[in-house]
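Before any comments, here is the structure.
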Amino acid sequence: MAMLEIDDLHVAFPRGKHDEIEALRGVSLTLEKGERLGVVGESGAGKSMLAFAILNLVAEPGRVSAGTVRFEGRNLLDLSEREIRGIRGNRISMIFQDPMVTLNPVLTIGTQMIETLRAHRRISRAEAHRLSVEKLKLVAIPSAETRMDAYPHELSGGLRQRVVIAIALLTDPELIIADEPTTALDVTIQAEIMALILALCRDQDVALILITHDLGVVAEVTEKLMIMYAGKCVEAGPTRDIIDAPNHPYTYGLLKALPQNAEPGARLYQIPGSMPPITNLPQGCPYHPRCERATEECRAAMPEIKDHGTACYHPLRAPLDAEEPA
Amino acid sequence: MSGAIVETRGLEVRFPLPSHFLSREKPVLHALNTVDLDIRPGESFCVVGESGCGKTTLGRTIIGLQSPSGGEVHFRGQRIDQMDEATRKPIRRDMQMVFQNPYASLNPRRNVYDTLAEPITHLMPEVTGAAIRDQVEAVLAATGCDPSWQRRLPHEFSGGQRQRIAIARALVTNPAFVVADEPISALDVSIQAQILNLLTDLQAERGLTYLFITHDLSVVEHFGTRVAVMYLGQVMELAETATLFSTPKHPYTQLLLDAIPRLQGGSFDKPRTPGELPDPVNLPKGCPFAARCPLADGKCTAERPKLRKLASTGTDVACHHTG
Chain C
23 MAMLEIDDLH
33 VAFPRGKHDE
43 IEALRGVSLT
53 LEKGERLGVV
63 GESGAGKSML
73 AFAILNLVAE
83 PGRVSAGTVR
93 FEGRNLLDLS
103 EREIRGIRGN
113 RISMIFQDPM
123 VTLNPVLTIG
133 TQMIETLRAH
143 RRISRAEAHR
153 LSVEKLKLVA
163 IPSAETRMDA
173 YPHELSGGLR
183 QRVVIAIALL
193 TDPELIIADE
203 PTTALDVTIQ
213 AEIMALILAL
223 CRDQDVALIL
233 ITHDLGVVAE
243 VTEKLMIMYA
253 GKCVEAGPTR
263 DIIDAPNHPY
273 TYGLLKALPQ
283 NAEPGARLYQ
293 IPGSMPPITN
303 LPQGCPYHPR
313 CERATEECRA
323 AMPEIKDHGT
333 ACYHPLRAPL
343 DAEEPA
Chain V
316 MSGAIVETRG
326 LEVRFPLPSH
336 FLSREKPVLH
346 ALNTVDLDIR
356 PGESFCVVGE
366 SGCGKTTLGR
376 TIIGLQSPSG
386 GEVHFRGQRI
396 DQMDEATRKP
406 IRRDMQMVFQ
416 NPYASLNPRR
426 NVYDTLAEPI
436 THLMPEVTGA
446 AIRDQVEAVL
456 AATGCDPSWQ
466 RRLPHEFSGG
476 QRQRIAIARA
486 LVTNPAFVVA
496 DEPISALDVS
506 IQAQILNLLT
516 DLQAERGLTY
526 LFITHDLSVV
536 EHFGTRVAVM
546 YLGQVMELAE
556 TATLFSTPKH
566 PYTQLLLDAI
576 PRLQGGSFDK
586 PRTPGELPDP
596 VNLPKGCPFA
606 ARCPLADGKC
616 TAERPKLRKL
626 ASTGTDVACH
636 HTG
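Protein chains in written order, with the working numbering: chain C, 23 to 348; chain V, 316 to 638.
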């Protein structure tokens, strides 16, 4: 049994009195202990919704309308609020995009860390303080002891995100869900923070779900990859395999469109159009209006994800550098 | 003059900050510190750096949205930074800007036609009547916008479509020089390539000169003719794009290049020491990068290095220790 098993997860929001629209339209995945998974998609593809749904945090009026999230065998969606608090923020931690929103601006770093620890462990204040300083050192925060008394606004963006990571690590979680953890940061700071997350996951055997729009970042950090489009997973598999030889035309387009994959100065490969909003999805495969390979079959019905990890009737099965996909 | 379309000489921008009421010190933020640039006609001149390095201030100062505290800006050999509005107005049609966020840069209450017609009525008084409509329709076609968009409002469009409209607005007066400030960073990945291609095509058709401001080096490598790397208001390195990527000379450029996430992997495996930008209010006397630099010594903290040309690669670099 895998550590995390998600099966056919759906999230729906009401539209009008009797209708619903789905933000997540049946996503399945498994994650073993210590495994690092990247979830890539454009805004509105449902990747953050997946993170919230895993922790049963979908905000009203949305709801998880179907599916299961099994963490070490227990379905998190069946737990009471009291029971899930033993897991959320404890065994599964989260890191969000903007550290200034995550941290409470009127409390010191130390207060926030000690509070977090004492919410999950029956330990003394002094012991909590000691463990907090230990974690701040682990994420390479200089003069950790004095930073305990600092307020979030006194720290730079990079240091703030390090503090957020330290808080996520406080309870020694088995899984960290990081939603665009470096999007708000500068490139050199992004490299530092991602290198830190990668090293921590490896050393402490922590599993990671990394949600991002940046294929370069997932290539650097993760072993498994899932590409999302319009609330569905369209391709999943080992990160290296997908990046070297994508099967789904959307994945192929995303990779091919990167400036890294083009001759300097030449026109870039471009996917026409844009992702349809979930309120207005086309019949069949949601990608077919933008797809060069689309046929009648694609316009008629949504392809299910197959053995080769792709939800496509006409997968490419060709390396990226091959001349033209067959 | 050197045949450059835009030149800056010793350009400085300082922002005075509120001082403490008991203190006599008047703190000043140095956004730009003696910047000398020559932008050549027809090139894509890229400015790259992290937040707070002054790249946006540079673009705004050249275009005239920010007045410099010192130094000069020349456009086609003519000094423009001290001109009054009436003398400057005929030049504005030749210098336009595309902003980062198309959700903020378009007036939400103005339809596309009005947005595009305004620069014409304001800057091109000789164009009147039906000619305005023709010019709007021509620029819509050139930027890949549908003619039916004219009566619609910005909220009806996606991010990529809005950025096309913003580009159309910048081009409607047929400018020679366009400042593009992070024009793709607010857009989704699959849309970024569309906008970059549009900018490339428009440059080929109209012989545009771009000042392209970005934090993304992989875009620079693809798009730039020459690149200036900025750090805390100063140019640290300036080179032909291919030269900068094959033989980076400044340690900060190297740091930036090492930070690019690569599809091949390996960039994040190296251990990194936390680095922070120094406070731009109290700029260090010496090299601004000295605190993060592996090569720094006593000379670097004492004396600020000036840009000098290296004979080997033709790179301009501001570093005491590279050669």
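We put the beta carbon where it would ideally sit given N, CA and C, even for glycine.
>> I want to verify the contact list: residues of chain V whose CB lies under 8 Å from the CB of C/I300, in sequence order.
In response: Ordered by position in chain V, no residue passes the 8 Å Cβ test against C/I300, which lies about 14 Å from the chain.
> In chain C, what lies closer than 9 Å to V/R577 by C-beta?
Replying inline: G238, A241, E242 and Q282
>> Just to confirm the assignment: which complete beta strand (DSSP E) runs, minimum length 3, are found wholly within the stretch 39-109 of chain C?
In response: 41-53, 58-62 and 85-93
>> Going by the DSSP bridge assignment, what does V/Q411 pair with across the sheet?
In response: V/V493
> Can V/P417 and V/G474 be called in contact, C-beta distance under 8 Å?
Replying inline: yes
> Whose C-beta lies closer than 8 Å to the C-beta of C/G111 among residues of the same chain, with five residues either side of it excluded?
Replying inline: T138, A141, H142 and T193
> Between V/N416 and chain C, is there a C-beta pair that is closer than 8 Å?
Replying inline: no
> So, is the C-beta of C/Q212 closer than 8 Å to a C-beta in chain V?
Replying inline: yes
>> Against chain C, with Cβ distances strictly below 8 Å, would V/V362 count as a contact?
In response: no
>> Within the continuous beta strand (DSSP E) that includes C/E257, where are the two ends?
In response: K254 to P260
>> Just to confirm before moving on: does the CB-CB distance between C/V240 and C/V62 stay below 8 Å?
In response: yes
> Just reading off the alpha helix (DSSP H) that C/R169 is part of, what are its end residues?
Replying inline: A166 to R169
>> Classify C/R312: buried if its beta carbon has 16 or more other beta carbons within 10 angstroms, exposed otherwise.
In response: buried
> Do C/A252 and C/L191 have their C-beta atoms within less than 8 Å of each other?
Replying inline: no
> Among the residues of its own chain, which have a CB less than 8 Å from the CB of C/D208, if the five just before and after it don't count?
Replying inline: G179 and G180
> CB-CB under 6 Å to C/C334, same chain, minus the five flanking residues each way: which ones, in chain order?
Replying inline: H270 and P325
> Which stretch, first to last residue, makes up the alpha helix (DSSP H) that contains V/G481?
Replying inline: Looking at the sequence shown, residue 481 of chain V is not Gly but Ala. G474 to L486 is the span of the alpha helix (DSSP H), which, as asked, contains V/A481.
> Would a check of beta-carbon distances place C/A279 closer than 8 Å to chain V?
Replying inline: yes
> Run through DSSP, which three-state label would V/T323 get?
Replying inline: strand
> To the nearest angstrom, how far is it from the Cα of V/R329 to the Cα of C/I76?
Replying inline: 49 Å
> Should V/G357 and V/T524 be called a contact, given that it needs their Cβ atoms to be closer than 8 Å?
Replying inline: yes
> Do you know whose CA, among V/L380, V/V413, V/R391 and V/G392, lies nearest V/D399's CA?
Replying inline: V/L380
> In this structure, does DSSP put V/C634 in helix, strand or coil?
Replying inline: coil
> What did DSSP end up calling V/V542 once you bin it into helix, strand or coil?
Replying inline: strand
>> Contact defined as beta carbons within less than 8 Å: I believe V/S359 pairs with V/F538. What is the distance between those atoms, to the nearest angstrom?
In response: 6 Å
> Of the residues that make up the stretch 490-522 of chain V, which ones have a beta carbon closer than 8 Å to any beta carbon in chain C?
Replying inline: D503, V504, S505, I506, Q507, A508, Q509, L511, N512, T515 and D516
> Shorter than 8 Å from the beta carbon of V/L421 to some beta carbon of chain C?
Replying inline: no
> In this structure, what does DSSP give as the bridge partners for C/G180?
Replying inline: Paired residues: none, contrary to the question.
> In whole angstroms, what is the alpha-carbon distance linking V/A401 and V/M410?
Replying inline: 15 Å
>> What does the alpha-carbon distance come out to for the pair C/L26 and C/L51?
In response: 8 Å
> Excluding five sequence neighbours on each side, which residues of the same chain lie with their C-beta closer than 7 Å to the C-beta of C/L276?
Replying inline: L237
> Would C/D171 count as contacting chain V if we go by Cβ distances under 8 Å?
Replying inline: no
> Can the beta-carbon of C/V91 be found less than 8 Å from the beta-carbon of C/H32?
Replying inline: no
> Is V/P593 closer than 8 Å to V/L547 when the C-beta atoms are compared?
Replying inline: yes
> Buried or exposed: V/N422, going by 16 or more other Cβ atoms within 10 Å of its Cβ?
Replying inline: exposed
> Using DSSP with H/G/I as helix, E/B as strand and the rest coil, what is V/D516?
Replying inline: helix
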